[in-house]
Amino acid sequence: MTEQPAPYGSAPENRPGEPRGRVRVHHLKEMKTRGEKWAMLTAYDQYTATVFDEAGIPVLLIGDSVSNNVFGNATSIPVTVDELLPLVRAVSRSAQHALVLADLPFGSYQASPEQCFRTAVRFLKEGGAHAVKIEGGPEIAPHVELLSRSGVPVMAHIGFTPQREHAVGGYRVQGRGDAAADLLSAARTLQDAGAFGLLLEMIPGDVATQITKVVDIPTVGIGAGSGCDAQVLVWQDMTGLRTGRLPRFVKQYADLHAILAGAARDFAAEVADGTFPGAEHTF
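Take the numbering used here: the last position of the sequence shown gets the number 304, and nothing is skipped along the way.
See the structure below:
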């Protein structure tokens, strides 16, 4: 019988880019137990999913951030389930190893645990996602409990929750001062409800570190310091495709905006001066 490759992170020698099987939620918890940190990136299409999967990124998030990074909206609020599902399908069809995590958009789960379950089922059945992510604190514990009990892995998102930006007064750090205790309590409640992980957004680093220490499930930080078990960024931010003012927590590892702009200018110039297409590009 042919030996199957080990899942990413299953052993110290198994590193990004090496043969590996499908990442599952229990692998992420095992990595936390071993003290191994890992990265998560957003992906919204076939090619980014393939590239990031080949690079060994263990979790790909089809975030509702597609609203303001692909669809041109000002916030994540307008994006719908029907807009997200084709993107989830594209990523799930293309990623051979990564766990595919889908955001449930605003308005698709808040009404009740039953609404949340019905929406999550669509993302698993129609989108091919392996898990879903929902925003909120203790008030979504019943939603998390129903999903987990029904076989839907769910990551909870606390701290700054973009879908509630109008309610919290815009993009503001959460969990300072006395509010830190509320975040810690929420983290414990959501873990007890069955969440397999916690995304911590825009909270003080010491608070995120404390949460990471007291919960047994992995924490994923974005603007939450280095004490989390994992880190996530929007891929357009990370690669420099997005320009202009960026959040403090973003680090750019490339300048794709300049590369693409240069390629477009070169193409236009060669068309204008008649050097493209050349004989080698002609039948």
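Ideal Cβ placement from N, Cα and C applies to all residues, glycine included.
Residue environment, residue i, which counts as buried when at least 16 other CB atoms sit within 10 Å
i: P107; result: exposed
i: V292; result: exposed
i: A64; result: buried
i: I161; result: buried
i: F92; result: exposed
i: L219; result: buried
i: G198; result: exposed
i: S88; result: buried
i: D287; result: exposed
i: L120; result: buried
Whole-angstrom distance between residue j and residue i, CA atom to CA atom
i: G265; j: D258; result: 10 Å
i: G347; j: F304; result: The first residue shown for the chain is 22 and the last is 304, placing residue 347 beyond what the model contains.
i: L221; j: G242; result: 5 Å
i: P298; j: G283; result: 18 Å
i: F144; j: D276; result: 33 Å
i: V189; j: P174; result: 27 Å
i: A216; j: P126; result: 18 Å
i: I179; j: V165; result: 13 Å
i: L205; j: Q273; result: 30 Å
Residue i CB to nearest heavy atom of the ligand FMN below 8 Å
i: D124; result: With respect to the ligand FMN, the structure offers nothing, as it holds no ligand at all.
Unbroken beta strand (DSSP E) run spanning residue i, endpoints
i: V153; result: A152 to E156
i: Q252; result: A251 to L254
i: V241; result: T240 to I243
i: T96; result: Neither: T96 is in no beta strand (DSSP E) and is coded neither H nor E.
i: H178; result: V175 to G180
i: A119; result: No beta strand (DSSP E) holds A119; DSSP gives it neither H nor E.
Residue span of the alpha helix (DSSP H) that contains residue i, given as start and end
i: T230; result: G226 to V235
i: A305; result: No statement about residue 305 is possible, as the shown extent of the chain runs from 22 to 304 and does not include it.
i: M52; result: V46 to R55
i: V69; result: A quick correction: the sequence has Thr, not Val, at residue 69. Element bounds for T69: Q67 to E75.
i: L167; result: A162 to R170
Worksheet item: Does the pairing of the segment 118-125 with the segment 140-155 give three or more beta-carbon distances under 8 Å?
Response: Between the segment 118-125 and the segment 140-155 there are three or more inter-stretch CB-CB distances shorter than 8 Å, so the stretches are counted as touching.
Worksheet item: Are three or more beta carbon pairs between the segment 46-62 and the segment 248-263 nearer than 8 Å?
Response: yes
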